[in-house]
Structure formats: C-alpha cells, structure tokens
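Only one structure is covered here, and it is reproduced in the block below.
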Amino acid sequence: MKGLYIHIPFCEYICHYCDFVKSVPKNKDTVDLYLKALVQEIKSYQKHFDSIETIYIGGGTPSMLNLEQLTFILESLQSIHPIEFTIEVNPESYTKEKGLLFKKFGINRISLGVQTFNQKLLKYLNRKHTNDQVFQIINHLKEIGIPQISIDLIYAIPGQTIENLHEDLAIIKALDINHVSCYSLILEERTFFYYQYLKGQFEQMNEDSEAEMYGLVMDELINQGFEHYEISNFAKNQNYSYHNLIYWTLGTYIGVGLGAHGFVDNYRTYNHRSMQKYLVSPQKEKELQDSMTLLQDELIFGLRKISGISVSEIKEKYQVDLFSKYPQLYEKIDLGLLKLEGDRLMLTRNGLFLGNQVFMVFI
Ligand code: SF4
C-alpha cells in the first residue's frame, strides 16, 4: 500500500504534553501562505496519485482550518481515490458544516482528539473541549455516514486514578465507535510539562500504576469487542488504521507539510521544521536506507503489531537468520517479553508494556 501524510502545523492553543511540530498562527495570512506552499508540495507528487491508497491529514489541528481553507486542500486531493481517508479533528473546532465538507470530499475516517472524558484532567492537559461536544460530534458523524470513528485516549496522566480510567473506558463503550488509539502520557522535552518537571512541579506516574492502567485498557477494550492489533491501537470488525499499518509494515508513504517525513523507494525524506525554510523549499534532506537500517525498522515496527513478524519472511527478505544475528532474543523469550508461535515472533502481554527493552536488541 502507499500512503500520503499531510501535516497541518497549527493549533488554537498548545497542550501541556505536546511536542509535535505545531504553533498558534499569528493570523489568517500565515495559514493561507502555508496552505499555498503545502498544495504546491502535494502537486509535486502527482505521479504517485494513482497508486495512493490512504490519505491522513494530521497535525497540529487540521479541523481548526476554516471551510475555505479546508476546501482549498481537499480540492487539491480530488484526483486521488484512496480506500481510507482520515482527518484529525479536535472537538472544539468541529462544526456540522465541516463534517459535511469532509463527507463531500470522501473522508471516511475521523480521528477525534479526546484524550480523556474527565474534565479536571482535560484542564490539566490544557485541552478546551467538553464531553457534550464529543458526544454531539460522534452523533453527527454517524448521522452523515462517516463509517470509521477513532478516538485518541491518554492514560497515566499525573493525578489520574484507575477509577477515572474505568470511567473513560465505560464512556467509550457507550459511544459505540470502531477504533481507539490509547497512549500513556510521555514526558517530552520542550513541553510545558517538561519545564514543570525541571522545576520539580511535575511527577510522572510510577511504572507499576502505568502498567496496571495499560492492563486495564487492554482487558476492557478487548471485552468490549475490540481487537488489540498494535501496542497502542484497538479496532472493531477489522476497522484498522490502514495508513498506520503502512508505517508498521515499512510500506511506502509520502509525507508533505512542515516537519513531515516520508519513505519512498527506500529513501527516508525529511521536511524542514522551520516555516521560513519550508516556504522556500519543503524538503530538508533524503537519505537512502541501507539494508541493515531497513531490517532494524522492519523488526521494531513489525513487533509493534500484536501479530508480530514472520521469521521466515525476514530471512527471505534480508538473508538474515534472526536468532543467529540477535542471540539476545533468546534472553527476551526467557524473560517472558517475547514468544515464538510457529513462525511468528511477537511480544507477550508483558512485552507489550516493556517493548523498548526488546527493541534495544536491534539498535
Ligand atoms: S496535542 Fe494536538 S491540539 Fe494539542 S498542541 Fe499538540 S497538536 Fe495541538
């Protein structure tokens, strides 16, 4: 499969944990200028349009663009006919008109940035929406026939209790959606929380509580009928994120927009993160990946999938006997972090939480 990722680097406000490429734009002109350059960049990949099967508009906050700006981007994509077309939406910037516009241009998957339904924790994260907004949006998306609705959740927020998480998961059940992405709160550099941490005013949740929460997420979502198909992702009725599956299977994807990366013909491409430089020429560099780097990526990304990797396919593709090259894998099996089922090597339940300890083997 081939995917197209489009980055919208603007937000209406900055969440305290976020280290994505984004900023609050000075004015409408700043956004319009960027969108012009973005559409130019999209057009530069025209020869790939026929073969693109997934489009993902992420950010930032794509839904903060106004109708005219959204139309401008969506029109530039009209000659692409993807099987999956996702846009990220923040609840406070959704309107019914935007939903109808998404539908009109073939968007069939909405990824809704909810993070938690607990208003106190939302405020702590510096998120501005209400639960009512989320409920109304989901009703509207269903009403207009957007078939795939995904929610992003965050757990292990300082101050969050296991009961709070139970409540979030109970609401997910009632919403009857078909995809959930659930990540633990990571303390990233250059974020508000990081500066709090440096001043001793931010305390990360301890590992045991975090593991307990991850366990609850897995058990509860599986109970609700979701399939756990990647460390942080759950889908009902095979409504997987095909775009993300491209990343995890080392497929081809084009990345356009500020700070976006891509992977095309064994080259990793990196766009500028500075707006000034991006507006002059989007791409900063591209790097041919040697087979060792590709193998490393294939193993790390592949093991993120619950179905793991095929040892024989790796051997065929890279002429490598996995266990001879990485004998430490035996140790990880003994530690109960990895398991071998037939030809497939995969993380165990413990390994899903401690994946980084396994991935270190390949670095
Ligand atoms: S989490 Fe999303 S909405 Fe919040 S600052 Fe980051 S990109 Fe913007």
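Per my numbering, residue 227 is the first one in the sequence shown, and the count goes up by one each step. C-beta: ideal position from N, C-alpha, C; glycine also. Keep in mind that this is a model prediction, so the values were computed, not measured.
Residue i and residue j closer than 8 Å at C-beta
i: L327; j: L293; result: yes
i: I457; j: R530; result: yes
i: Q411; j: I380; result: The sequence shown places Leu at residue 411, not Gln. Yes, they are a contact pair.
i: L520; j: L476; result: yes
i: L351; j: Q341; result: yes
i: M439; j: L401; result: no
i: F393; j: N357; result: According to the sequence shown, residue 393 is Glu rather than Phe. No, Cβ-Cβ distance for E393 and N357 is not below 8 Å.
i: G426; j: L367; result: no
i: L360; j: C408; result: Checking the displayed sequence, the identity of residue 360 turns out to be Val instead of Leu. No, Cβ-Cβ distance for V360 and C408 is not below 8 Å.
i: H355; j: E318; result: yes
i: K399; j: I370; result: no
i: G581; j: L573; result: yes
Backbone CA spacing between residue i and residue j [nearest angstrom]
i: Y455; j: E415; result: 29 Å
i: F418; j: V506; result: 30 Å
i: E542; j: F331; result: 41 Å
i: N576; j: E524; result: 21 Å
i: R499; j: Y239; result: 19 Å
i: Q386; j: L347; result: 7 Å
i: L424; j: L413; result: 11 Å
i: E267; j: A486; result: 11 Å
i: D569; j: Q295; result: 49 Å
i: N597; j: H469; result: Past the edges of the chain, shown from 227 to 589, lies residue 597, and the structure says nothing about it.
i: Y271; j: N492; result: 16 Å
i: P251; j: S538; result: 50 Å
i: E433; j: A382; result: 9 Å
i: D276; j: I364; result: 32 Å
i: Y496; j: N404; result: 32 Å
i: E453; j: L471; result: 14 Å
i: V584; j: L564; result: 8 Å
DSSP state of residue i mapped onto helix, strand, coil
i: Y616; result: Shown here, the chain extends from 227 to 589; a query on residue 616 therefore has no answer.
i: I306; result: coil
i: I532; result: coil
i: V250; result: coil
i: L476; result: coil
i: L425; result: Looking at the sequence itself, residue 425 is Lys, so the reference to Leu does not match. In the structure shown, K425 sits in coil (DSSP, three-state: anything other than H, G, I, E or B).
i: E436; result: helix
i: D378; result: strand
i: L548; result: helix
i: F588; result: helix
i: F460; result: strand
i: H366; result: helix
i: Y239; result: coil
i: R494; result: strand
i: T312; result: strand
i: F343; result: coil
> So which residues touch the region around the ligand NAP, with touch meaning a C-beta under 6 Å from any heavy atom?
Replying inline: Among the ligands in the structure shown, the ligand NAP does not appear; only the ligand SF4 can be found there.
> Just checking, does the stretch 227 to 245 make contact with the stretch 474 to 488 on the three C-beta pairs under 8 Å criterion?
Replying inline: These segments touch.
> Do three or more CB pairs link the stretch 332 to 344 to the stretch 360 to 380 at distances below 8 Å?
Replying inline: These segments touch.
>> Would you call the stretch 302 to 318 in contact with the stretch 273 to 289, where contact means no fewer than 3 C-beta pairs closer than 8 Å?
In response: By the C-beta criterion, the stretch 302 to 318 is judged to be in contact with the stretch 273 to 289, since at least 3 inter-stretch pairs fall below 8 Å.
>> Check whether the stretch 569 to 585 and the stretch 553 to 560 are in contact - that is, three or more C-beta pairs closer than 8 Å.
In response: Using a C-beta cut-off of 8 Å, the stretch 569 to 585 makes contact with the stretch 553 to 560, since at least three inter-stretch Cβ pairs fall below that distance.
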